[in-house]
Amino acid sequence: MEKVNISIDSDNCTECMCCQLICSLTYTDSFNPERAAIVINTPDEIRFTEECKDGCTLCARYCLTGAITLMREV
Amino acid sequence: MEYCGYAGNILRVDLGSGRISREPLDSDLASRFIGGPGVGLNLLLDLLEPNADPLSPENPLVFGTGPLMGTLVPGSAKGYLSTKYTMPAGADKNKCFVSSSMFGGRRFGSMMKNAGYDHIVITGRAEIPSYLKVTDEDVEICDASDLWGRDIYETSDILRRRYPGKTGVCGVWAIGKAGENLVRPSLGFADDLHNAGRFAGAVAGAKNFKAIVTLGAKGVRIADRKRFMELYTRKRNQILEYPYEPWTFETAVCNKDCTGGMCAVKVIHEAKEGRFKGQRFGGSYIGEMLEWDDLSDWSERFKLMDVMNRQGLCMCTARRMIWFLTKLYERGVISIKDTGGVELKRGDFDGYMALIEKMLNKEDIGAAMAEGWQALCERVGVDASTDAEAGCSIIKGIDIILDARFWLSHFSPAVGLAQIVHAKAKQVHSDTSWIRGPNPDLRKDCEEMGMLKQEIDRVLTDDSFNTGRLTVYTEDAETVYNALGQCASAAMLQGDPMRDVPWLAEVYSSVTGFDITPRELLRSGERIRNLERLLNVREGFTREDDKIPALYIQNTETPVKVKDIAFYAPDGNDRYLMDWYGKRLMKDDLEQMLDDYYEERGWDPGNGVPTREKLVQLGLENFIETN
Numbered sequence: 001m002e003k004v005n006i007s008i009d010s011d012n013c014t015e016c017m018c019c020q021l022i023c024s025l026t027y028t029d030s031f032n033p034e035r036a037a038i039v040i041n042t043p044d045e046i047r048f049t050e051e052c053k054d055g056c057t058l059c060a061r062y063c064l065t066g067a068i069t070l071m072r073e074v
Numbered sequence: 001m002e003y004c005g006y007a008g009n010i011l012r013v014d015l016g017s018g019r020i021s022r023e024p025l026d027s028d029l030a031s032r033f034i035g036g037p038g039v040g041l042n043l044l045l046d047l048l049e050p051n052a053d054p055l056s057p058e059n060p061l062v063f064g065t066g067p068l069m070g071t072l073v074p075g076s077a078k079g080y081l082s083t084k085y086t087m088p089a090g091a092d093k094n095k096c097f098v099s100s101s102m103f104g105g106r107r108f109g110s111m112m113k114n115a116g117y118d119h120i121v122i123t124g125r126a127e128i129p130s131y132l133k134v135t136d137e138d139v140e141i142c143d144a145s146d147l148w149g150r151d152i153y154e155t156s157d158i159l160r161r162r163y164p165g166k167t168g169v170c171g172v173w174a175i176g177k178a179g180e181n182l183v184r185p186s187l188g189f190a191d192d193l194h195n196a197g198r199f200a201g202a203v204a205g206a207k208n209f210k211a212i213v214t215l216g217a218k219g220v221r222i223a224d225r226k227r228f229m230e231l232y233t234r235k236r237n238q239i240l241e242y243p244y245e246p247w248t249f250e251t252a253v254c255n256k257d258c259t260g261g262m263c264a265v266k267v268i269h270e271a272k273e274g275r276f277k278g279q280r281f282g283g284s285y286i287g288e289m290l291e292w293d294d295l296s297d298w299s300e301r302f303k304l305m306d307v308m309n310r311q312g313l314c315m316c317t318a319r320r321m322i323w324f325l326t327k328l329y330e331r332g333v334i335s336i337k338d339t340g341g342v343e344l345k346r347g348d349f350d351g352y353m354a355l356i357e358k359m360l361n362k363e364d365i366g367a368a369m370a371e372g373w374q375a376l377c378e379r380v381g382v383d384a385s386t387d388a389e390a391g392c393s394i395i396k397g398i399d400i401i402l403d404a405r406f407w408l409s410h411f412s413p414a415v416g417l418a419q420i421v422h423a424k425a426k427q428v429h430s431d432t433s434w435i436r437g438p439n440p441d442l443r444k445d446c447e448e449m450g451m452l453k454q455e456i457d458r459v460l461t462d463d464s465f466n467t468g469r470l471t472v473y474t475e476d477a478e479t480v481y482n483a484l485g486q487c488a489s490a491a492m493l494q495g496d497p498m499r500d501v502p503w504l505a506e507v508y509s510s511v512t513g514f515d516i517t518p519r520e521l522l523r524s525g526e527r528i529r530n531l532e533r534l535l536n537v538r539e540g541f542t543r544e545d546d547k548i549p550a551l552y553i554q555n556t557e558t559p560v561k562v563k564d565i566a567f568y569a570p571d572g573n574d575r576y577l578m579d580w581y582g583k584r585l586m587k588d589d590l591e592q593m594l595d596d597y598y599e600e601r602g603w604d605p606g607n608g609v610p611t612r613e614k615l616v617q618l619g620l621e622n623f624i625e626t627n
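Protein chains in written order, with my numbering: chain A, 1 to 74; chain B, 1 to 627.
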């Protein structure tokens, strides 16, 4: 699933899993990376699953390394 | 009992009978010992017979985590491994320390909790090479015949492909050839990059035990989400404002982190040129990389270190043994006949690699290296612990990773005394997290450990501090981090914001729902530290074993030449053993530090054993008979 407002650069991913942790806490009420809506298989793969909520940008807001970033509005 | 923070279960696996059982985590144990090695050492205590052979099936391997592991708390990524380790302290091969190693990871610990377990106890010996699969669906002892003989990276890759997660890889802890061949200075690695269990790889090897896989989706629940997020956000912002830069090197390809981490110190390097151009090497090994300074070709350094990591050979001990033998060879003390045909000279990669191979295969002199310092010194007829030119500082049979003679902060609670009194002679991060040389904020540092005013007044003087007494509290604070599953080195790297036991007490409460004060948390650290001491007293360790390294004492009279310690002596001066304020230390000063330490600990200064009064105070009365 593509998200129009988020940009991904897997080279910047340090695999800290903060994106999966905040995602799962918010939508499953527990820290549960396997139930997050984002897949982290670096170096090749960072992608969103079909369960990812439209308009949600939590992962980008909690990413500290520039791997997942909010795109600026034009 | 429904837990928050904790998974709430202990998994027991007997490799000999194949029996697998699950039991609930005892809430009293969790509240008194928090988690991590606090609980792990209790589990070990029940199973380990004193004076057991660490390489026997009877020696348990206990893995686990703490209640913060797998949450968003920065640095909450520490797993632990408790066991009786393999390095003999002296001539008796069964007199080995009992302790816990802490290790980070990307998935191993968090997936263990998500599979439903805080602790995994492994006993017995499998008939065939085996690994353990731990998922939330089932637990299974699996045939590892196809993995035995493979290195750690290969093994981990195969297992990750075999057990793919939905959103990422499974967690893996594995050993390599060193552990399989019962080389005592061996270790395992968690998730490739995280060294886990220095001197415990062979404990697994002796069990025919290759690896653990963890994967699950049970989730780690928290008691008070709103409060947790407030606490997390406050700390996250403090860390972001703190002037911390991730480690960078010309050879770095990328930085990796632990779960919830914010320091990314696991660096993947690649040699841009040299004999092994393109050679990669990963981990948080700055000192180790720099100390191979007789190899000007960095690709050779990376090659050696990569081979040792892949095979789970302790690179610190192996390097010191290689240097020891190389210097003895150059001195003419040993010859090519002694080394089994290997010619040794400083800076010669081929000789070094040949010794590593011999060590891994336990051939020729490598067989003695594989048995530890005692065996190696007997074999060559030279005591490495007293040989200033060729040897190294050794405590309880263990070479010291951060030698207090050289380290920038001199002889400090962080690097000096804690090594001497600790069960495993302190390894890398330890109490360095807390006290960073003379600074005007010592009182603040103490408060952030959760110390009471009267304790601080006893430790601090007008213009200095009492090293022996302060060490007690830095140890206890570090133990708190370990018990929570929290990274003590993140506290060092992320700086002041993460040195904060009062904050951790609040976070612990928000995660688990159990209220605790900072001082109670620190008391739990003290309880765990005393339990560890008791386990080692059972193995025959006393104050006699808390020996000041002979080279430290030599260095009170004879300075180390700056040419030998250039990296550690930026001032360019030859170095006597000094305290943090640059004052020379003498042997009596060190003995006084030890006396102060035992007194503050409430341990008998004569034998270093916890007193009855201390055990009663800590609620450890049931261990009085052990004493």
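Quick reminder that beta carbons are idealized off the backbone N, C-alpha and C, glycines included. It should be emphasised that the depicted structure is a prediction, and the values quoted were computed from it without experimental measurement.
CA-to-CA distance, residue j to residue i, given in whole angstroms
| i | j | result |
| --- | --- | --- |
| L328 (chain B) | M315 (chain B) | 20 Å |
| D431 (chain B) | M1 (chain A) | Only weak support is given to the placement of D431 (chain B): the predicted model assigns it a pLDDT of 47, under 50, and the value that follows is read from those uncertain coordinates. Computed Cα separation, rounded: 46 Å. |
| E273 (chain B) | M593 (chain B) | 48 Å |
| G201 (chain B) | E180 (chain B) | 8 Å |
| E631 (chain B) | A52 (chain B) | Any property of residue 631 (chain B) remains undetermined from this structure, which presents chain B solely from 1 to 627. |
| C13 (chain A) | L72 (chain B) | 16 Å |
| I403 (chain B) | S393 (chain B) | Residue identity check: residue 403 (chain B) is Asp in the sequence provided, not Ile. Their Cα atoms are separated by approximately 7 Å. |
| G619 (chain B) | D350 (chain B) | 56 Å |
| A490 (chain B) | E520 (chain B) | 22 Å |
| R227 (chain B) | A425 (chain B) | 39 Å |
| E2 (chain B) | V511 (chain B) | 13 Å |
| G16 (chain B) | P129 (chain B) | 11 Å |
| D29 (chain A) | I175 (chain B) | 35 Å |
| D136 (chain B) | M111 (chain B) | 9 Å |
| T65 (chain B) | P243 (chain B) | 30 Å |
Proximal residues of chain A, C-beta to C-beta of residue i below 9 Å
| i | result |
| --- | --- |
| N309 (chain B) | Chain A residues near N309 (chain B): none, gap ~18 Å exceeds 9 Å. |
Contacts that residue i makes with chain B (C-beta to C-beta distance below 9 Å)
| i | result |
| --- | --- |
| R61 (chain A) | Per Cβ cutoff of 9 Å: no residues; R61 (chain A) is ~11 Å from chain B at best. |
Chain-ordered chain B contacts of residue i [CB-CB under 8 Å]
| i | result |
| --- | --- |
| T28 (chain A) | G219 |
| V39 (chain A) | K166, T167 and G168 |
| N32 (chain A) | N114, A217, K218, G219 and V220 |
Interface residues of chain B facing residue i [CB-CB closer than 7 Å]
| i | result |
| --- | --- |
| E15 (chain A) | R106, K256 and D257 |
| D44 (chain A) | The contacting residues do not exist; D44 (chain A) stays about 12 Å from chain B at best. |
Simplified DSSP assignment, three categories, for residue i
| i | result |
| --- | --- |
| G173 (chain B) | Gly is not the amino acid found at residue 173 (chain B); the sequence shown has Trp there. W173 (chain B): strand per DSSP, three-state reduction. |
| T432 (chain B) | Only weak support is given to the placement of T432 (chain B): the predicted model assigns it a pLDDT of 48, under 50, and the value that follows is read from those uncertain coordinates. Note: T432 (chain B) maps to helix in three-state DSSP. |
| W603 (chain B) | strand |
| G79 (chain B) | strand |
| E230 (chain B) | helix |
| C18 (chain A) | helix |
| T65 (chain B) | strand |
| I128 (chain B) | coil |
| I32 (chain A) | The residue asked about is misnamed: residue 32 (chain A) is Asn in this sequence, not Ile. It is coil, neither helix nor strand. |
| K113 (chain B) | helix |
| R575 (chain B) | strand |
| P559 (chain B) | coil |
| R346 (chain B) | coil |
| C96 (chain B) | strand |
| M308 (chain B) | helix |
| R656 (chain B) | Residue 656 (chain B) cannot be examined here, being either before or after the span of chain B that is shown, 1 to 627. |
| V609 (chain B) | coil |
| L70 (chain A) | strand |
| Y85 (chain B) | strand |
| K337 (chain B) | coil |
| K358 (chain B) | helix |
| K133 (chain B) | strand |
| D28 (chain B) | helix |
Contact set between residue i and chain A, taken where Cβ atoms lie within less than 8 Å
| i | result |
| --- | --- |
| G260 (chain B) | C16, M17, C18 and L21 |
| A264 (chain B) | T14, C16 and T65 |
Residues that residue i contacts on chain A, provided the C-beta gap is smaller than 7 Å
| i | result |
| --- | --- |
| T474 (chain B) | Going along chain A, no residue has its Cβ under 7 Å from T474 (chain B), so there is no contact; the nearest lies around 27 Å. |
| G70 (chain B) | F31 |
Inset, instruction - Run through the segment 157-203 of chain B for me and flag every whole beta strand (DSSP E) of 3 or more residues, listed as ranges in chain order. - result: Within the segment 157-203 of chain B, the complete beta strand (DSSP E) segments at least 3 residues long are 171-175, 188-190 and 194-196, listed from N- to C-terminus.
Inset, instruction - Note down, one range per segment and in chain order, each alpha helix (DSSP H) of at least 4 residues found wholly within the segment 430-517 of chain B. - result: Restricted to the segment 430-517 of chain B, the alpha helix (DSSP H) segments that are unbroken, complete and at least 4 residues in length are 442-448, 453-459, 467-484, 488-493 and 501-512, listed in chain order.
Legend entry - Ordered list of beta strand (DSSP E) runs contained in the segment 199-283 of chain B, each at least 3 residues: Secondary structure in the segment 199-283 of chain B: the beta strand (DSSP E) runs of 3 residues or longer, each lying completely within the stretch, are 209-215, 252-256, 266-270 and 280-283 in chain order.
Inset, instruction - Check whether the segment 195-210 of chain B touches the segment 78-93 of chain B, taking contact to mean three or more Cβ pairs, one atom from each stretch, closer than 8 Å. - result: A contact exists between the segment 195-210 of chain B and the segment 78-93 of chain B.
Inset, instruction - Inspect the CB distances between the segment 298-309 of chain B and the segment 259-276 of chain B and report whether three or more fall short of 8 Å. - result: Between the segment 298-309 of chain B and the segment 259-276 of chain B there are three or more inter-stretch CB-CB distances shorter than 8 Å, so the stretches are counted as touching.
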